[in-house]
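Colleague:
There are 2 protein chains.
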Amino acid sequence: MGRVRYLEIAEALRAAILSGDYPVGAQLPSESDLAARWSASRGTVRQAVATLASEGLIGSRQGARRIVLRQERRHSFGELNSFAQWAEGVGHEVRSRFLSRTRRPATAEEAERLALAPGTEILAVLRLRLLDGEPTMVERTAYADWVAAAVEAMEPDCRSVMDGLAAGSAIVAHYGEHLIDALAAGSEDARLLGIRRGSPLLRQRHVSATNTGRPIEWSDDRYLAGSVTFSVSNSAVATPLERHAGDR
Amino acid sequence: MGRVRYLEIAEALRAAILSGDYPVGAQLPSESDLAARWSASRGTVRQAVATLASEGLIGSRQGARRIVLRQERRHSFGELNSFAQWAEGVGHEVRSRFLSRTRRPATAEEAERLALAPGTEILAVLRLRLLDGEPTMVERTAYADWVAAAVEAMEPDCRSVMDGLAAGSAIVAHYGEHLIDALAAGSEDARLLGIRRGSPLLRQRHVSATNTGRPIEWSDDRYLAGSVTFSVSNSAVATPLERHAGDR
DNA sequence: GGAGCCAACTTGTTCAGACAAGTGATTGCC
DNA sequence: GGCAATCACTTGTCTGAACAAGTTGGCTCC
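Chains as they are written, first to last, in my numbering: chain U, -1 to 246; chain F, -1 to 246.
Here you go:
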């Protein structure tokens, strides 16, 4: 039980939706009903339902009762930023190995993404990730200079670098930005994943940052086609997903 | 401008960030400063900054001033849901043609996604989209029975079906869900896009719904690799993006 | 000079009340 | 029967106040 009232209410409503008490399309109780039932103010209830709305679970229109849009469990921030945390949360077995770990000057793009001076030395890591024993993803990550030492100290078969940083150095990711596109497998990708060159891959490039906005890592993850799908829900009031033109 | 105070404030702050008055990493004025400057209550200011936070522009931690995370313009809901609206917004020329438009019973998945009884007759549409004259995307859409007539009435070279529905029938999308993955081009995809079979494609499947939660369309859009990138920003408090395991 | 403490500042949470604006159903008129 | 006005209900916006909790920088003391 959190001591935070609105999260308590949000959690109870979320549980009620997931359990089917309020099926998709059903109306939620009115704000005043909920306020009375929880003996909270209307503002607190509004904060609770706003949380669920931002998760895409419910929708609302002025004048009409809130309705249930989806009936699904929500992933946490950690499950999106850490491949290992996600895989374990969904019940898959994950293995991975550092194939190479070298220090080198940052490329122009890496310096830009990591907010470092051009040419600063970063730690470049190449890893192959296995999901339930199958090669699934090739990960090429550039770690900022100030976390490089901590990453280098980790075991070669370390399951989650981000978990390790959080545990060992109290460095925790709070913000992320993700770029998703498709591309053909290069020769290294193909060799590692055991597929032919030119096979389709789903690429997720992402940067993670601390709560002060300081970038930690910039990563290029390439998934075997068909192995994973990304999903986003949006609404007229909250549009987290964007489309950009590529270079071609 | 808008008679809604908090949107006014949010807009002004957004403009200040985009124009560089507050560069990335800079601190925003405190809530009380802003409240005084706009002669608004602190609650209204908080609603304004919450808007920017949900857009990923700024971050906040209890006790410390809010900081600027990004410096980018935000897309609207319409620009994500309508290919034509997006393309025009970023200054590209878009063309498209209905290659086929046929009524047929919904498949199991289509009925599920559109919340229709199994076997209900839907309108299946196949379209090829050109960006600046280049074939870029193949779109296969199933329109729910109750909008089928309105879609059939449209011109064969209609640029935006969603715009047409909004203008002609006052049917407006308010909610959406998007599934993104990669796959190899099938023979029809390859012929339409002018590429070889097996070439990588970026697939975006999405369902659009009205403000009452009623699904309008379920679409399977396949982009040429390299032509577009999707982006999402997230934080520990707002995680709109999810990863799911595929069938393989 | 360095370590630890403290005080000012800032964001997070909650409350109670008020009015604006949109929705849905009922009512009454033609 | 159909149509329009009305009304109760519900969500959206805004205010002002209070206390909790985290951050930061300066100060004192050693």
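Beta carbons are placed, not taken as given, at the ideal position from N, Cα and C, and that holds for glycine.
Would you give the residue range spanned by the alpha helix (DSSP H) that ARG101 (chain F) belongs to?
Modeller: Unbroken run through ARG101 (chain F) is the beta strand (DSSP E), 92 to 103; no alpha helix (DSSP H).
Colleague: Which residues of chain F have a Cβ atom closer than 7 Å to the Cβ of ARG59 (chain U), listed in chain order?
Modeller: Ordered by position in chain F, the residues that pass the 7 Å Cβ test against ARG59 (chain U) are ASN209.
Colleague: If you measure from the beta carbon of ILE65 (chain U) to each beta carbon in chain F, is any gap under 9 Å?
Modeller: Yes, because at least one Cβ of chain F sits closer than 9 Å to the Cβ of ILE65 (chain U).
Colleague: Compare the C-beta of TRP216 (chain U) with all C-beta atoms of chain F and state if any pair is closer than 9 Å.
Modeller: No, TRP216 (chain U) does not count as interfacial toward chain F.
Colleague: Against LEU50 (chain F), what residues of chain U qualify as contacts under a CB-to-CB distance less than 7 Å, listed in chain order?
Modeller: What LEU50 (chain F) touches in chain U: nothing, since even the nearest Cβ is about 12 Å away.
Colleague: Counting only beta-carbon separations shorter than 9 Å, does THR139 (chain U) have a partner in chain F?
Modeller: With 9 Å as the cut-off, THR139 (chain U) does not count as an interface residue toward chain F.
Colleague: Taking the alpha carbon of SER58 (chain F) as the reference point, which residue from F:SER39, F:GLU70, F:LEU5, F:ALA236 has its own alpha carbon closest?
Modeller: Nearest C-alpha to SER58 (chain F): F:ALA236.
Colleague: Just list the beta strand (DSSP E) runs in the stretch 152 to 206 of chain U, keeping only unbroken ones of 3 residues or longer that don't cross its boundaries, in chain order.
Modeller: Segments of the beta strand (DSSP E) lying fully in the stretch 152 to 206 of chain U: 173 to 182.
Colleague: Determine whether the Cβ of VAL92 (chain U) lies closer than 9 Å to any Cβ atom of chain F.
Modeller: No, VAL92 (chain U) does not count as interfacial toward chain F.
Colleague: I'd like to confirm the pairing. Which residues does DSSP put opposite TYR221 (chain U) in its beta bridges?
Modeller: TYR221 (chain U) is bridged to U:MET135, U:LEU200.
Colleague: Where DSSP assigns a beta bridge to ALA230 (chain U), which residues make up the other side?
Modeller: Inspection of the sequence shows that residue 230 (chain U) is occupied by Val rather than by Ala. Beta-bridge pairing links VAL230 (chain U) to F:HIS176, F:LEU239.
Colleague: Are ALA122 (chain U) and SER98 (chain U) close, meaning C-beta to C-beta below 9 Å?
Modeller: It is a contact, given that the beta carbons lie within the stated cut-off.
Colleague: Could you tell me which chain F residues have their CB closer than 8 Å to the CB of ASP179 (chain U), listed as they occur along the chain?
Modeller: By Cβ distance, chain F contributes LEU200, ALA223, GLY224, VAL226, THR227, PHE228.
Colleague: When burial is assigned at 16 or more other CB atoms within 10 Å of the CB, is PRO154 (chain U) buried or exposed?
Modeller: Exposed, by the Cβ-count rule.
Colleague: Would you mind sorting HIS176 (chain U) into buried or exposed? The rule is 16 or more other CB atoms within 10 Å of its CB.
Modeller: Buried is the call here.
Colleague: Where does GLY211 (chain U) fall in DSSP's three states?
Modeller: The answer is coil: DSSP assigns GLY211 (chain U) none of H, G, I, E or B.
Colleague: Starting from the C-beta of ALA104 (chain U), find all residues in its chain whose C-beta is less than 8 Å away, skip the five residues before and the five after it, and write them out in chain order.
Modeller: Once the five neighbours on either side are set aside, the close Cβ partners of ALA104 (chain U) are LEU112, LEU114, PRO116, GLY117, THR118, GLU119, ILE120, ALA140.
Colleague: Which of the three DSSP states is assigned to ARG12 (chain U) in this structure?
Modeller: Correct three-state label for ARG12 (chain U): helix.
Colleague: Within 9 Å (strictly less), CB to CB, does TRP247 (chain F) reach chain U?
Modeller: In this structure chain F extends from -1 to 246, so residue 247 (chain F) is not present and cannot be described.
Colleague: Locate the alpha helix (DSSP H) running through LEU126 (chain U), then write down its first and last residues.
Modeller: Here LEU126 (chain U) belongs to no alpha helix (DSSP H); instead the beta strand (DSSP E) covers 119 to 129.
Colleague: Taking a contact to mean a Cβ-Cβ separation below 9 Å, would you say GLU70 (chain F) touches LEU50 (chain F) in this structure?
Modeller: Result no, Cβ atoms of GLU70 (chain F) and LEU50 (chain F) do not sit closer than 9 Å.
Colleague: Ends of the alpha helix (DSSP H) at ALA62 (chain U)?
Modeller: Per DSSP, ALA62 (chain U) belongs to no alpha helix (DSSP H); it is in the beta strand (DSSP E), 62 to 66.
Colleague: If contacts are defined as beta-carbon pairs under 8 Å, then ARG201 (chain U) and ALA183 (chain U) qualify, I think. What distance do you get, rounded to the angstrom?
Modeller: Not confirmed; about 10 Å, so no contact.
Colleague: What residue range is occupied by the uninterrupted beta strand (DSSP E) comprising SER58 (chain U)?
Modeller: Residues 56 to 59.
Colleague: Looking at chain U, which residues of the stretch 69 to 83 of chain F have a Cβ within less than 7 Å of any of its Cβ atoms?
Modeller: Those residues of the stretch 69 to 83 of chain F that come within reach of chain U (Cβ to Cβ, closer than 7 Å) are HIS73, SER74, PHE75, LEU78.
Colleague: Between the alpha carbons of GLY192 (chain U) and TYR221 (chain U), how many angstroms are there, rounded?
Modeller: When rounded, the distance between both Cα atoms is 12 Å.
Colleague: Contact between the stretch 78 to 88 of chain U and the stretch 8 to 18 of chain F is defined here as three or more beta-carbon pairs at a separation below 8 Å; is this criterion met?
Modeller: No: fewer than three Cβ pairs fall under 8 Å.
Colleague: Counting along the chain, where does the alpha helix (DSSP H) carrying ALA34 (chain F) start and finish?
Modeller: ALA34 (chain F) -> alpha helix (DSSP H) spans 29 to 36.
Colleague: Taking CB distances under 9 Å as the criterion, tell me whether ALA147 (chain U) reaches chain F.
Modeller: Not one chain F Cβ lies under 9 Å of ALA147 (chain U).
Colleague: For SER328 (chain F), which of F:ALA38, F:ARG203, F:GLU108 has the nearest alpha-carbon?
Modeller: Past the boundaries of the shown model lies residue 328 (chain F); chain F is included only from -1 to 246, so the question cannot be answered.
Colleague: Taking its Cβ as the centre, do 16 or more other Cβ atoms sit within 10 Å of ALA34 (chain U), making it buried, or is it exposed?
Modeller: Classification of ALA34 (chain U): exposed, given that the 10 Å Cβ count is below 16.
Colleague: So that I know if they touch, is there some Cβ in chain F lying closer than 9 Å to that of LEU114 (chain U)?
Modeller: Chain F contact via Cβ: absent.
Colleague: So what does DSSP say about GLN83 (chain U), is it helix, strand or coil?
Modeller: It is helical.
Colleague: Apart from the five residues on each side of it in sequence, which residues of its chain come closer than 7 Å, Cβ to Cβ, to VAL136 (chain F)?
Modeller: LEU126, ASP187, LEU190, LEU191, ARG220, listed in sequence order.
Colleague: Can the beta-carbon of ARG3 (chain F) be found less than 9 Å from the beta-carbon of SER229 (chain U)?
Modeller: It is not a contact, given that the beta carbons lie outside the stated cut-off.
Colleague: With H, G and I counted as helix, E and B as strand and the rest as coil, what does DSSP make of GLN69 (chain F)?
Modeller: Note: GLN69 (chain F) maps to coil in three-state DSSP.
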